[in-house]
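S.K.: One structure, as structure tokens, below. Some questions next.
In the working numbering, the protein residues as written are 322 to 684.
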């Protein structure tokens, strides 16, 4: 208790001086030491803290060392000044302690700016890269305010969508080039996707659904569903598409020119729908949602057409088609599955719009 309380230490030394256990001269130096020592406690307590947490106790320690260093040469003169007015040695030590801290405030107050800069120079911010696996927009303090919490988790879901979109955009290059480095680069993002999704899911389980109004409850379901679907898309890219790309690279196979054009066309449609889905998720625009549903049907028709053309090339015994027949169909199928997941966000938006329309009609 004494070690953690500078004032208690000062009072102890003052009582020693009043009782004649220590000389007044020694007491003065002990008071100086107590003032420096009291600054060591927060300094040591924050030694392993963040740079910002260490700067204030460090500045306090520097100021107390500075004022004590200035006072040491004048201890005798200070005693001479106090002696005519204060007879009790203990009270002299208490007055000295008070005067010392007042002098510290008066002396260093004009120089707080330069002192702060000095502390920043001595204890700079840690130069570390942001961890992509850590959530950015999930504020634990916002859990008690559902509208704020839902806005934050929606932003985190869009961050997840951006990562998945980049994987999807790059996936076609893996098939085009047979470059295994592209496959590795894409697969390296799967850990980030899983980590962000776990964070989103965990955050939403801590958000009490009982405190949500009907509109917030609908948004809760939208966010959870869309983030789950994005995680599934990441799995398809990693475990299905990249497996196919790796097999193709190992065998150094090539799609037929027309076959690959069909795959690229499907990929471009899925990528456009992915971007549209993010816009719909953010804006909750029912008109755009209905358009996305139409695009889903268009892609289904494109898949059927590609299959028909593919089997026609098989009948014509096109060499590349014969070598990559199952691969071609698997890739088209996987892109179609991805499209189903990303476009599913539209149905909830349309359903909510119809529900709101019915409610207004009843009123």
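Ideal Cβ positions, reconstructed from N, Cα and C, are used throughout, including at glycine.
Let me make sure I understand the geometry here. Which of 596, 604, 497 has the alpha-carbon closest to that of residue 584?
M.R.: Comparing Cα positions, the closest option is 497.
S.K.: DSSP three-state label for residue 599, please.
M.R.: helix
S.K.: Which same chain residues, not among the five before or five after residue 418, have their C-beta less than 6 Å away from its C-beta?
M.R.: If the five residues before and after residue 418 are omitted, its C-beta is found closer than 6 Å to the C-beta atoms of 331, 352, all from its own chain and listed in chain order.
S.K.: Which residues bound the alpha helix (DSSP H) around residue 341?
M.R.: Unbroken run through residue 341: none, as it is neither H nor E.
S.K.: Can you give me the Cβ contacts of residue 535 inside the same chain, cut-off strictly under 7 Å, excluding the 5 residues immediately before and after it?
M.R.: none
S.K.: How would you write the range of the alpha helix (DSSP H) that residue 307 sits in, first residue to last?
M.R.: Since the first residue of the chain shown is 322 and the last is 684, residue 307 is not available in this structure.
S.K.: Quick one: complete alpha helix (DSSP H) runs, 4+ long, within the stretch 356 to 416?
M.R.: 372 to 392, 396 to 403
S.K.: If you draw a straight line from the C-alpha of residue 613 to the C-alpha of residue 557, how long is it?
M.R.: Annotation: residue 613 to residue 557 spans about 21 Å, alpha carbon to alpha carbon.
S.K.: So what's residue 524 in DSSP terms, helix, strand or just coil?
M.R.: When DSSP states are grouped into helix, strand and coil, residue 524 belongs to the helix group.
S.K.: Leaving out the 5 sequence neighbours to the left and right, which residues in its chain are closer than 8 Å to residue 664 when beta-carbon positions are compared?
M.R.: 594, 598, 613, 614, 616, 617
S.K.: Which of the three DSSP states, helix, strand or coil, is assigned to residue 612?
M.R.: helix
S.K.: Count the C-beta pairs between the stretch 467 to 481 and the stretch 539 to 556 that are closer than 8 Å, then say yes if the count reaches three, no if not.
M.R.: yes
S.K.: In or out: residue 625 buried (at least 16 other Cβ within 10 Å) or exposed?
M.R.: exposed
S.K.: From residue 533 to residue 467, what distance separates their C-alpha atoms?
M.R.: 7 Å
S.K.: Quick check on residue 322: buried or exposed, where buried means 16 or more other Cβ atoms within 10 Å of its Cβ?
M.R.: Because residue 322 sits at a pLDDT of 37, beneath the cut-off of 50, its placement in the model cannot be relied upon, and the point is left open.
S.K.: Between which residues of its own chain and residue 652 is the CB-CB distance below 6 Å, once the five residues before and five after are set aside?
M.R.: 565, 584
S.K.: Answer yes if the stretch 355 to 369 comes into contact with the stretch 377 to 395, meaning at least three C-beta pairs across the two stretches below 8 Å, and no otherwise.
M.R.: Here the stretch 377 to 395 lies against the stretch 355 to 369, with 3 or more beta-carbon pairs under 8 Å apart.
S.K.: Tell me the rounded alpha-carbon separation between residue 464 and residue 528.
M.R.: 6 Å
S.K.: When DSSP labels each residue in this structure, what does residue 324 get in the three-state scheme?
M.R.: Low local confidence applies: a pLDDT of 47 at residue 324 is under 50, so the model's placement there is unreliable, with the coordinate-based value given in what follows. Residue 324 falls in the coil class under three-state DSSP.
S.K.: Is the stretch 424 to 440 in contact with the stretch 488 to 503, if contact means three or more CB pairs nearer than 8 Å?
M.R.: no
S.K.: Determine the extent of the alpha helix (DSSP H) in which residue 509 is found, giving its start and end residues.
M.R.: That residue, residue 509, is in no alpha helix (DSSP H); it is neither H nor E in DSSP.
S.K.: What's the C-alpha gap between residue 519 and residue 525?
M.R.: 10 Å
S.K.: With a 10 Å radius around its C-beta and 16 neighbouring C-beta atoms as the bar for buried, classify residue 402 as buried or exposed.
M.R.: exposed
S.K.: Quick check: the Cα distance between residue 654 and residue 633, rounded to an integer number of angstroms?
M.R.: 18 Å
S.K.: Report the rounded CA-to-CA distance for residue 336 versus residue 344, giving the unit in angstroms.
M.R.: Approximately 11 Å between the Cα atoms of the pair.
S.K.: Decide if residue 391 is buried, meaning its Cβ has at least 16 other Cβ atoms within 10 Å, or exposed.
M.R.: Residue 391 is exposed by the Cβ-count criterion.
S.K.: Could you tell me the alpha carbon to alpha carbon distance between residue 587 and residue 553, rounded to whole angstroms?
M.R.: 19 Å
S.K.: Along the chain, which unbroken stretches of the alpha helix (DSSP H) at least 4 residues long are found entirely within the stretch 467 to 508?
M.R.: 467 to 498, 501 to 508
S.K.: Candidates 611, 370, 660, 413: which alpha carbon is nearest residue 446's?
M.R.: 370
S.K.: In whole angstroms, give me the CA-to-CA distance for residue 394 and residue 346.
M.R.: 12 Å
S.K.: What does the alpha-carbon distance come out to for the pair residue 502 and residue 495?
M.R.: 8 Å
S.K.: Check the C-beta distance from residue 424 over to residue 385 and give it rounded, since I have them as a contact under 8 Å.
M.R.: Rounded, the Cβ-Cβ distance is 11 Å, inconsistent with contact.
S.K.: Quick one: what does DSSP say residue 446 is sitting in, helix, strand or coil?
M.R.: Residue state for residue 446 is assigned as coil, using DSSP reduced to three classes.
S.K.: Please name the residue, chosen from 627, 341, 570, that lies closest to residue 579 on a Cα-to-Cα basis.
M.R.: 627
S.K.: Let's test the definition: count the other Cβ atoms within 10 Å of the Cβ of residue 452 and tell me whether it reaches 16, buried, or not, exposed.
M.R.: exposed
S.K.: Assuming residue 660 and residue 603 make a contact with CB atoms under 8 Å, what is their CB distance in whole Å?
M.R.: Not confirmed; about 19 Å, so no contact.
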